[in-house]
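Peer 1:
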Amino acid sequence: MEAVFSDEFRKQMDKIRDSATLVRLKKVVESILANPGKGKFLGNILAGKKSVRVTPFRLIFEVHENQVIFHTFEHRGKIYR
14 MEAVFSDEFR
24 KQMDKIRDSA
34 TLVRLKKVVE
44 SILANPGKGK
54 FLGNILAGKK
64 SVRVTPFRLI
74 FEVHENQVIF
84 HTFEHRGKIY
94 R
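Under the numbering used here, residues 14 to 94 are what the sequence shown spells out, in order.
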């Protein structure tokens, strides 16, 4: 699987200063690329996308054929607004 990172995802990554969170996020991204079926399907305006927990954050992504598009990574309290 090929990883595609949106501009918003890259901006969120630049804001994170905690190295432990970055390490956890990297592991989750690798896990999703190895098993794209992972994650919870979302509804409403996020229909078609999936969410994975990287406590206390959420990673929103979607799978298209041979690509995984990572849309955003944000604190759980802010991401669904």
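Every residue, glycine too, gets a C-beta built ideally from N, C-alpha and C. What you are looking at is a predicted structure, and each value in this text was computed from that prediction instead of being measured.
#1: Answer yes or no: do GLU87 and GLN25 have a C-beta to C-beta separation smaller than 8 Å?
#2: To which residues of the same chain is VAL81 closer than 8 Å at the C-beta, ignoring the five residues directly before and after it?
#3: Which residues mark the beginning and the end of the alpha helix (DSSP H) in which ARG30 is found?
#4: Please report the straight-line C-alpha distance between THR29 and GLU43, rounded to a whole angstrom.
#5: Which stretch, first to last residue, makes up the beta strand (DSSP E) that contains THR85?
Peer 2: Taking the coordinates as given:
#1: Yes, they are a contact pair.
#2: Result list for VAL81: MET14, GLU15, ALA16, VAL17, ILE45, LEU46, PRO49, PHE74, GLU75, in chain order.
#3: Neither: ARG30 is in no alpha helix (DSSP H) and is coded neither H nor E.
#4: In the sequence on display, residue 29 carries Ile and not Thr. Taking the straight line from one Cα to the other gives about 18 Å.
#5: Counting along the chain, the beta strand (DSSP E) containing THR85 begins and ends at 80-88.
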